[in-house]
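**Student:** One structure coming up, written as structure tokens, with questions to follow.
In UniProt numbering, the protein residues as written are 1 to 693.
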């Protein structure tokens, strides 16, 4: 058996007795010598039938103690490797890895920090020549570690203990062919094995490496097909946009694309966007970046996709640059992403005037694997406390509450908790107030709708040869399901819960989704008291409290109102405090600039057409005629459930026929889609609004 290399630094070089045959034990009382409870340490003279049996015994002890082992070197009678008579098993942190040499002409390598620190814990066994059968005995043992040993909830993440069984491998490959994401695979297998999240004997990285090594198709050929698909789609729709890069071998490296409807949608709803890079296109083993926002009905609005060969600064910078080019260089006010150092640098470089926030649902998705093993049965209580802090009103209360939470759950020294607190400016609501997010910072309802949307998008890879077209069917917000939901929202009766004139005013302008958000604040506003301080300032607080409150300022001449809670700046909806002051001052309407156009039923036409020219004219006569017809249709259909069912069914059939027609720019300067969008949203009339008893 050939000798194993010791080029990384021999942990036994200082042990002269190792080659002379003298027996050694650990005589370092001040060393980190730990033996797991219930397990006896190896002793000099202990015998094993095979060297593998000795390795298995030492490996079991190592796992219980908090480290792993590896085979180090062998020795023979006539020198190293000849007629093996000795074997060494060492701690996984034995030796010292030298720095990788840098060669200007060579391919750049990742110079990862080594975990080796010269640990001298080891087990030495020797062959007993006098035994009748092949037999090995322990001739040397040291349990002295110069590093911290891992807890049981940590040691299983060492590479030596991360194992994918043949059964699990087949299951993973089956999931991969079905287009299921790696995160979904992990959750499904945890449920199948009845284990806690994060308790599988392998990690997401192990699964991705397995999928990468078992790809059963020619990746280069598939990449060429992606370009071909984009070219074919461009021929059908000239307003479709795509861009790509090739590597030094002329192979596809990165590719991004966006549809005509997505670019128009971004013109109105691109004030706040999510760039989700946590998914991979399993079939191609490439990171998938998805640009998405929220429309005026509170539904996901797709903006674009990007496939990257590597997740590095260069790739993310390119993806952002191309996306801005697609969107006529219009930057969002806020961008939400996952925690990624390269993405953070790319956003800072390419979007200097955009607020960079972290999507809370992407952060929280890792909580089970990070904290369940640490907190055990207290995990659910901790999670509830985390979200309570997340929704705090001000930063001071958040910081104090966080400190109390760390004390309560004994999380001092937890690096994940420390990292979360260090980055709180980018994810905690008290620190994000005043930065517009269109409601994307909400944790539950928004994350569910976006995740459902993304899962539908990922399912498009089941027909990889039609991937671009399949994505178009899934993400186009004009698809039948989205149209039906929007239509049902517009046709539903709206109940007014107060007698305030501002409520009826808002109901006639805002979409049902947006109006419900404002209505909730208006209803609660009745429970608050308003006190005039001096000048334009008012103090507003709940009627049950005698201290505290928020400051509202009102400029009657300019019709400008602001509140220290900054809800309007964050969401585009006036808060209960501002509405309380307006009501107390007998204001019968909400100033127009506090009913943002992005939340209106009837949306304005995009300021630019897809070719970049300015639209100078309004809706054409034919569009106005169609709006009148739709208004009459709504009035008649709303008179009974049967009429509503017939109208909905027939309109969807008509929409299907309209989609089959080419998308052209009409004489008014508006695209056909813009005109139809205005017609679709022109559905509110006086009989749609009623006052509840």
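Glycine included, every Cβ here is placed at the ideal spot set by N, Cα and C.
Model, not experiment: these values are computed from the prediction.
Does DSSP classify residue 346 as helix, strand or coil?
**Tutor:** helix
**Student:** Counting along the chain, where does the alpha helix (DSSP H) carrying residue 387 start and finish?
**Tutor:** 379-390
**Student:** Leaving out five residues before and five after residue 302 in sequence, what residues of the same chain have Cβ atoms less than 6 angstroms from its Cβ?
**Tutor:** 262, 292, 475
**Student:** May I have the straight-line CA-CA distance separating residue 185 from residue 315, to the nearest angstrom?
**Tutor:** 26 angstroms
**Student:** With a CB to CB cut of under 6 angstroms and the five nearest residues on each side skipped, what residues in its chain are close to residue 435?
**Tutor:** The answer, listed in chain order, is 334, 355.
**Student:** Contact check, residue 590 vs residue 574 under 8 angstroms by CB: the rounded distance?
**Tutor:** 7 angstroms
**Student:** Shortest alpha-carbon distance to residue 52 belongs to which of 182, 136, 375?
**Tutor:** 136
**Student:** Report the three-state DSSP secondary structure of residue 256 (helix, strand or coil).
**Tutor:** strand
**Student:** Using 10 angstroms around the beta-carbon of residue 327, count the other beta-carbons present and answer buried if the total reaches 16, otherwise exposed.
**Tutor:** With 16 or more neighbouring CB atoms inside 10 Å of its own CB, residue 327 falls in the buried class.
**Student:** Any idea what DSSP makes of residue 243, helix, strand or coil?
**Tutor:** If DSSP states are grouped into helix, strand and coil, residue 243 belongs with the strands.
**Student:** May I have the straight-line CA-CA distance separating residue 276 from residue 287, to the nearest angstrom?
**Tutor:** 10 angstroms
**Student:** Compute the distance between the beta-carbons of residue 577 and residue 540, then report whether it is under 7 angstroms.
**Tutor:** yes
**Student:** Pull the bridge partners of residue 696 from the DSSP assignment, please.
**Tutor:** Because the chain in this structure spans residues 1 to 693, residue 696 falls outside the shown range and cannot be described.
**Student:** What residue range does the beta strand (DSSP E) around residue 552 cover?
**Tutor:** 550-555
**Student:** In the structure shown, what three-state DSSP assignment does residue 213 receive?
**Tutor:** helix
**Student:** Report the partner residues of residue 274 according to the DSSP bridge assignment.
**Tutor:** 292, 336
**Student:** To the nearest angstrom, how far is it from the Cα of residue 10 to the Cα of residue 357?
**Tutor:** In this prediction, residue 10 has a pLDDT of 44, which is less than 50 and means its spatial position is unreliable; what the coordinates show is noted afterwards. Spanning the two alpha carbons is a distance of roughly 47 angstroms.
**Student:** Measuring only the C-alpha atoms, how far is residue 373 from residue 93?
**Tutor:** 24 angstroms
**Student:** May I ask you to list the residues that DSSP assigns as paired with residue 286?
**Tutor:** Under DSSP, residue 286 takes part in a beta bridge, and its partners are 281.
**Student:** Give the single residue among 196, 561, 456, 239 whose Cα lies nearest to the Cα of residue 290.
**Tutor:** 456
**Student:** In angstroms with no decimal places, state the Cα-to-Cα distance between residue 452 and residue 202.
**Tutor:** 26 angstroms
**Student:** From residue 250 to residue 447, what does the alpha carbon distance come to, in whole angstroms?
**Tutor:** 38 angstroms
**Student:** Using DSSP bridges, identify the partner residues of residue 433.
**Tutor:** Under DSSP, residue 433 shares a beta bridge with no residue.
**Student:** In whole angstroms, what separates the C-alpha of residue 239 from that of residue 257?
**Tutor:** 11 angstroms
**Student:** Take every Cβ of the segment 585-605, pair it with every Cβ of the segment 510-523, and state whether three or more of those distances are shorter than 8 angstroms.
**Tutor:** yes
**Student:** Tell me the DSSP secondary structure of residue 540 in three-state form.
**Tutor:** strand
**Student:** I need the DSSP call for residue 694, collapsed to helix, strand or coil.
**Tutor:** This structure cannot settle anything about residue 694, because the visible part of the chain is limited to 1 through 693.
**Student:** In chain order, what residues of the same chain have a beta carbon less than 8 angstroms from the beta carbon of residue 312, not counting five sequence neighbours either side?
**Tutor:** 342
**Student:** Just tell me which of 400, 392, 180, 86 has its CA closest to the CA of residue 138.
**Tutor:** 86
**Student:** Would you mind working out which of 55, 323, 369, 181 sits nearest residue 153, comparing C-alpha positions?
**Tutor:** Of the candidates 55, 323, 369, 181, the one whose C-alpha sits nearest the C-alpha of residue 153 is 369.
**Student:** Please look up how many angstroms separate the CB atoms of residue 69 and residue 48, rounded, as I've assumed it's under 8 angstroms.
**Tutor:** Not a contact, Cβ separation roughly 15 angstroms.
**Student:** From the DSSP secondary-structure annotation, give me the bridge partner or partners of residue 205.
**Tutor:** DSSP, once it has assigned bridges, lists no residue as partnering residue 205.
**Student:** Out of 382, 427, 419, which one is the CA nearest neighbour of residue 405?
**Tutor:** 382
**Student:** Please confirm whether residue 338 and residue 307 have their CB atoms less than 7 angstroms apart.
**Tutor:** Taking a C-beta distance under 7 angstroms as the contact criterion, residue 338 and residue 307 do not qualify as a contact pair.
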